[in-house]
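Participant: One rule links them: number in the numbering used here = place in the sequence shown (from 1) + 639.
Note that beta-carbon positions come from the ideal geometry of N, C-alpha and C, so glycine has one too.
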Amino acid sequence: MKRDEVFAQGPAQAAGFEFSKEVADVFDDMLLRSVPLYSEQQRMIQEISKAFWLPGTAVYDLGCSTATAMISLARDLPDARFVGYDNSHPMIEHARANLRESSFENRVELRYADLNGSLGEMPLTNASIVIMSWTLQFVRPLNRDNLLRHIYDSLAENGVLIVADKVLTNSSPMNRFFIDFYYDYKRRNGYSDLEISRKREALENALIPYRIDENLVMFRRNGFEIAETFFQWYNFAGFLCVKRSDTSTGRGERSRGE
Ligand SMILES: C[S@@+](CC[C@H](N)C(=O)[O-])C[C@H]1O[C@@H](n2cnc3c(N)ncnc32)[C@H](O)[C@@H]1O
């Protein structure tokens with residue numbers, strides 16, 4: 640795995656953060672060193688997907704990057720079909736190489752799509768699981784409702800949307816604390832203060848986090864009858880949103896017959 644030194648020197652990405660070839664080449668290392676408990680979150684996403692996947696349906700990963708989530712899930716769900724969307728060609732190239740290496744290229748389809756673009760060009764046919772792991776935060780706020788409505792409308796009954804995103808807290812002092820703890824985490828993982836501040840500047844207008852309550856309200860107003868957090872580490876959170884018209888049934892009753 641190539642080490643992430645994108646922000647270590649020079650005026651890297653001064654124009655703003657992009658999922659360029661330079662980023663895609665080191666992306667797996669970047670995620671492991673920049674997203675707290677990344678492996679555990681991936682495991683939880685896998686666990687939730689296994690519990691909610693409906694036989695005969697497909698799993699979609701929006702902003703699939705290097706296809707990490709789909710490769711892990713393909714092992715757990717041997718009968719599922721997968722589609723990964725991304726708008727970064729370098730990411731798609733890496734995903735393609737990883738799929739070839741793991742022998743899942745026949746079960747996982749990669750497609751180019753812009754989540755800010757025409758959603759008609761991003762069909763989510765026969766979906767029971769849609770994953771957006773660290774991607775919704777990069778979608779322009781103006782386009783988030785339309786995207787979520789498209790996902791809700793496309794999902795099968797009892798299907799789920801799984802989201803992981805950076806979040807803001809309700810109070811500014813707490814926000815400061817959490818972000819400082821996060822920067823300490825990055826320092827512990829070998830990033831210098833210069834790298835941390837350069838990346839923060841580059842992400843300034845590209846990554847726009849919402850508060851947890853804003854996210855939950857947004858998921859609900861776009862149809863999701865159930866929207867809950869399943870994970871939080873300071874300013875990072877995971878959301879599980881279920882399309883369930885009949886909310887009288889509890890977790891697991893559908894898929895596990897408990
Ligand atoms: C932080 S990465 C996601 C990481 C990945 N889901 C994971 O958990 O390993 C965000 C991904 O979303 C993609 N992305 C960002 N904006 C996008 C857009 N408007 N349309 C499609 N993909 C987008 C990026 O190219 C990148 O691969």
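From the DSSP output, which residues share a beta bridge with Gly723?
Facilitator: Stepping through the sequence shown from its first residue, residue 723 is reached at position 84. Note: Gly723 sits in a beta bridge opposite Asp700, Leu749.
Participant: Taking the alpha-carbon of Phe743 as reference, which of Thr707, Thr764, Tyr724, Leu763 has the nearest alpha-carbon?
Facilitator: As a first step, residue 743 must be located in the sequence shown, where it is residue number 104. The candidate whose alpha carbon is nearest that of Phe743 is Thr707.
Participant: Determine whether the beta carbon atoms of Ser757 and Phe658 lie at a separation below 8 Å.
Facilitator: Residue mapping note: residue 757 aligns to position 118 of the sequence shown, counting from 1. Residue mapping note: residue 658 aligns to position 19 of the sequence shown, counting from 1. For Ser757 and Phe658, no; Cβs fall outside 8 Å.
Participant: Could you check which residue in Gly798, Pro717, Arg826 has the C-alpha nearest to that of Cys880?
Facilitator: Indexing the sequence shown from 1 puts residue 880 at position 241. Here the closest residue by C-alpha is Gly798.
Participant: Identify the residues that DSSP records as bridge partners of Asp804: which are they?
Facilitator: Position 165 of the sequence shown, counted from the start, is the residue given in the question as residue 804. In DSSP, Asp804 forms a bridge with Ala876.
Participant: From what residue to what residue does the beta strand (DSSP E) around Met669 run?
Facilitator: Within the sequence shown, numbered from 1, the residue matching residue 669 stands at position 30. Careful: Met669 lies outside any beta strand (DSSP E), inside the alpha helix (DSSP H) at 660–673.
Participant: From Ala734, Ala766, Asn785, pick the residue whose C-alpha is nearest to that of Asp775; which is it?
Facilitator: One-based indexing of the sequence shown puts residue 775 at position 136. Checking the displayed sequence, the identity of residue 775 turns out to be Leu instead of Asp. Of Ala734, Ala766, Asn785, the residue nearest in Cα terms is Asn785.
Participant: Here's the rule I'm using: 16 or more other beta-carbon atoms within 10 Å means buried, otherwise exposed. How should Pro729 be labelled?
Facilitator: Translated into the one-based positions of the sequence shown, residue 729 becomes position 90. Counting Cβ neighbours within 10 Å, Pro729 comes out buried, since at least 16 surround it.
Participant: Please classify Gly695 as buried or exposed, where buried requires at least 16 other C-beta atoms within 10 Å of its C-beta.
Facilitator: Mapped onto the sequence shown, residue 695 falls at position 56. By the neighbour-count rule (16 or more Cβ atoms within 10 Å), Gly695 is not buried but exposed.
Participant: Which same chain residues, not among the five before or five after Trp872, have their C-beta less than 6 Å away from its C-beta?
Facilitator: Here the question's residue 872 lines up with position 233 in the sequence shown. Excluding positions up to five away in sequence, the list reads Pro675, Leu676.
Participant: Alpha carbon to alpha carbon, how far is Leu712 from Glu686? Give it in angstroms, no decimals.
Facilitator: Against the sequence shown, residue 686 aligns to sequence position 47. Against the sequence shown, residue 712 aligns to sequence position 73. Their backbone Cα atoms lie some 9 Å apart in a straight line.
Participant: Can you tell me which of Asp718, Phe878, Tyr724 puts its alpha carbon nearest to the alpha carbon of Asn755?
Facilitator: The sequence position of residue 755 within the sequence shown is 116, counting from 1. It is Tyr724 whose Cα lies nearest to the Cα of Asn755.
Participant: Thr774 by DSSP, collapsed to three states: which one?
Facilitator: Your numbering for residue 774 matches position 135 in the sequence shown. Here Thr774 sits in coil by DSSP.
Participant: Are Val769 and Ala876 closer than 8 Å when you measure CB to CB?
Facilitator: In the sequence shown, the residue the question calls residue 769 occupies position 130. In the sequence shown, the residue the question calls residue 876 occupies position 237. It is not a contact, given that the beta carbons lie outside the stated cut-off.
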